[in-house]
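In this text, residue positions in the first sequence follow the numbering used here: the first is 720, and each later residue adds one. This report concerns only the one structure given below.
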Amino acid sequence: MNNETGFASFLDEMKWRGFFEQCTDEKALAELLTAETVTAYIGFDPTADSLHIGSLLPIMGLVHLQRHGHRPIAIVGGATAMVGDPSGRTELRSMLTLEQIERNLQGIKEQLSHYIRFGDGPQDGLMLNNADWLKDFGYLEFLREYGQFFSVNQMLTRDSVKTRMEHGLSFIEFNYMILQAFDFMVLNRDHGCRLQMGGSDQWGNICSGIDLTRRVNRQEVYGLTFPLMMTAAGTKMGKTASGAVWLAAARTSVHDFYQFWINVDDRDVARFLRLYTLLPRERIEELEKLQGADIREAKRVLAGEVTALLHGRDAADKAAEAARALFGGGGDAESIPSSERPEGDFAGDGLLLLEALVESGLLKSKGEARRMIRQQAVRVNGEVISDEMRALSAADIRDGRIALQVGKKRHHHILVG
RNA sequence: GGGGGGGUUCCCGAGUGGUCAAAGGGAACAGACUGUAAAUCUGUCGGCGGACGCCUUCGGAGGUUCGAAUCCUCCCCCCCCCA
């Protein structure tokens, strides 16, 4: 189809980039993909008004799909969010209100639009809310129309159910599979959707959808799953000091987002370049050859590319600039995260460093700030501070700013105005 | 419905009347070493106050006690077996 990607086919590219875990009837799917514009979908959870880095993999899956001339559908599980979060453990499942879901949906759509071209064209993406077709569906109606198509025996054999059986699962959780299968069937019926993609944990649900679609719509549809993303260190993808890495700049600043990728484990760089950037194959293979400290160059490319995709090239460049200023010497200090304070705050006894550290967001509490100071982790204008009661005064202002630093990586400038 | 087991700090998991803010491990953070990496060693790891201190926490609500995560009552949730 479209060859700006440098790959013969969508599946080829997915395999090379590491998205491909398994799929149903690969041969038939490959043929379908070369024969026509295929509509494919992935589901996202609207449990927050922003997606986080964990969703980046499926997002990129849709991006590649669209680049190969196919049509992506992002479906947001408004209906599933209405009945509760399946990942909840001991605590009550949080059930979101319709308004919350609507708000979250808008936030997510905004984010996805950085990656996917939405619109009315044949290859333009769609964003749909499954609440639209599930919300008013009556229980009896559902049972009457579709109950016969679901085999409990088969559902019980799904891995996703089996693993949950050990710790118990509620009827709600058991039903996600049915809801998701129903989504696939509806999307096929109303939008000609032929493929569902998702994490490997979705395999069972996807298969259920394929079965249902075959039975109800009498059409063959396909499934493709991505591998479970773990870091080389064996932890879940996307955690930092301050929690999850979000796509929303309001939750994770561009600077922190960029830094996240810079700080990736050496062993993950090659894999991440393939998965999270759109760089051509030759460029990535070139970067993969780098060894030792040179890998940092690959990390800079990775961080720059991933950040640019989400926040734009300008913002990514600024983040790179800040990084250079903080770690490389040189560079422009303007891009370092900062806050403003009136000059008056530094008159007389000045402002307690402890408070400045907390208010700047560098640290969570004064207790933590105290501990950090005790551990020689706090610097003001590059100087290690050992006095917990240290106050910031006019004497600390350099070029209209005071540079705070915690550890080696966390920086904040107070701009005095 | 009956019987048994269980819900502990971010996660796993000890603790069964005071010495428990709660063992141990993991994660995380910091210091040293480095390459803003990994590995390793060391330290920190509920909140507030300079410290001897105070406050909040062990599924929820009450109660017994000088004193409870630990005992009692009721409730909620989970697992297993029986019906």
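In this text, a Cβ means the ideal position worked out from N, Cα and C, and glycines have one as well.
Could you please give me the residues that DSSP links to I1133 through a beta bridge?
Under DSSP, the beta-bridge partners assigned to I1133 are S1058, I1121.
Are A989 and E1007 close, meaning C-beta to C-beta below 8 Å?
Yes. Within cutoff.
Residue range of the unbroken beta strand (DSSP E) whose run includes F739
Run containing F739: none; DSSP gives neither H nor E here.
DSSP three-state label for N936, please.
Correct three-state label for N936: helix.
State the Cα-Cα distance for the pair Q921 and Q741, rounded to the nearest angstrom.
Going from the Cα of Q921 to the Cα of Q741 covers about 11 Å.
Could you compute how far the alpha carbon of L748 sits from the alpha carbon of E1040?
Between L748 and E1040, the C-alpha separation is close to 44 Å.
For G797, does the three-state DSSP call read helix, strand or coil?
G797 carries a helical assignment under DSSP once its states are collapsed to helix, strand and coil.
Near P805, which residues of its chain fall below 6 Å by C-beta distance, leaving aside the five closest residues on each side in sequence?
Legend: pLDDT at P805 = 46, less than 50; position of this residue unreliable, value from coordinates given subsequently. Once the five neighbours on either side are set aside, the close Cβ partners of P805 are E892, Y895.
Would a C-beta distance cut-off of 8 Å place G796 and G762 closer than the cut-off?
Contact flag set, yes.
Near G1126, what residues of its chain come up, given a Cβ to Cβ distance below 7 Å and the 5 sequence neighbours on each side ignored?
Counting only Cβ-Cβ distances below 7 Å, and skipping sequence neighbours, we find A1096.
At least three beta-carbon pairs within less than 8 Å, the region 976-983 to the region 841-850
Contact between the region 976-983 and the region 841-850 is absent, because fewer than three Cβ pairs lie under 8 Å.
Would you report the Cα separation of G807 and A800, rounded to the nearest angstrom?
At G807, the pLDDT of 36 sits below 50, so the modelled position is not reliable; the number obtained from the coordinates is stated separately. Put simply, the backbone Cα of G807 is about 12 Å away from that of A800.
The alpha helix (DSSP H) enclosing I1003, as first and last residue numbers
Where I1003 is concerned, the enclosing alpha helix (DSSP H) stretches over 1000-1007.
Around the Cβ of G918, are there at least 16 other Cβ atoms within 10 angstroms (buried) or fewer (exposed)?
That one is buried.
Is it true that the CB of F1065 sits closer than 8 Å to the CB of A1113?
In contact: A1113 and F1065 (Cβ atoms closer than 8 Å).
Find the nearest neighbour of D1118 within the set H1130, P777, G1136, S1105, judged by alpha-carbon distance.
When H1130, P777, G1136, S1105 are compared, the shortest CA-CA separation from D1118 is found for G1136.
Would you mind stating whether A1042 and A1052 have Cβ atoms separated by less than 8 Å?
With contacts defined as CB atoms closer than 8 Å, A1042 and A1052 fail to qualify as a contacting pair.
Answer yes or no: do T758 and R790 have a C-beta to C-beta separation smaller than 8 Å?
Their beta carbons are under 8 Å apart, which means T758 touches R790 by this criterion.
Measure the beta-carbon distance from H787 to T724 and round it to whole angstroms, keeping in mind my assumption that it falls under 8 Å.
So it is a contact: roughly 6 Å between Cβ atoms.
Could you give the first and the last residue of the continuous beta strand (DSSP E) run that contains I761?
I761 -> beta strand (DSSP E) spans 758-763.
Cross-strand partners of I792 (DSSP beta bridge):
Note: I792 sits in a beta bridge opposite Y760, L845.
Using only alpha-carbon positions, find the residue among E818, Q830, Q819 that is nearest to A793.
In terms of Cα proximity to A793, the closest of E818, Q830, Q819 is Q830.
Three-state secondary structure assigned by DSSP to R863:
Judged by DSSP in its simplified three-state form, R863 adopts helix.
First and last residue of the uninterrupted alpha helix (DSSP H) at E766:
For the record, residue 766 in the displayed sequence is Thr; it is not Glu. That residue, T766, is in no alpha helix (DSSP H); it is neither H nor E in DSSP.
Go through its chain and collect everything with a Cβ distance to E860's Cβ below 7 Å, but skip five positions before and after it.
Excluding sequence neighbours, E860 sits near nothing in its chain.
Mapping the DSSP letters down to three states, classify F945 as helix, strand or coil.
The answer is strand: DSSP assigns F945 an E or B state.
If contact is defined by three or more beta carbon pairs under 8 Å, each pair taking one atom from either stretch, is the region 987-1001 in contact with the region 1010-1020?
Result yes; three or more Cβ-Cβ pairs closer than 8 Å.
Look at G1069 and L1134 and say whether their C-beta atoms are less than 8 Å apart.
No. Outside cutoff.
Can you tell which of C926, L817, T971, R1002 has the C-alpha that lies nearest to the C-alpha of R736?
Among C926, L817, T971, R1002, the Cα nearest to that of R736 belongs to R1002.
Note down the Cα distance separating S728 from T753, rounded to an integer number of angstroms.
Just so you know, the alpha carbons of S728 and T753 end up roughly 7 Å apart.
Out of curiosity, what's the CA-to-CA distance linking R1120 and S1058?
In this structure, the straight-line span from the alpha carbon of R1120 to that of S1058 is close to 10 Å.
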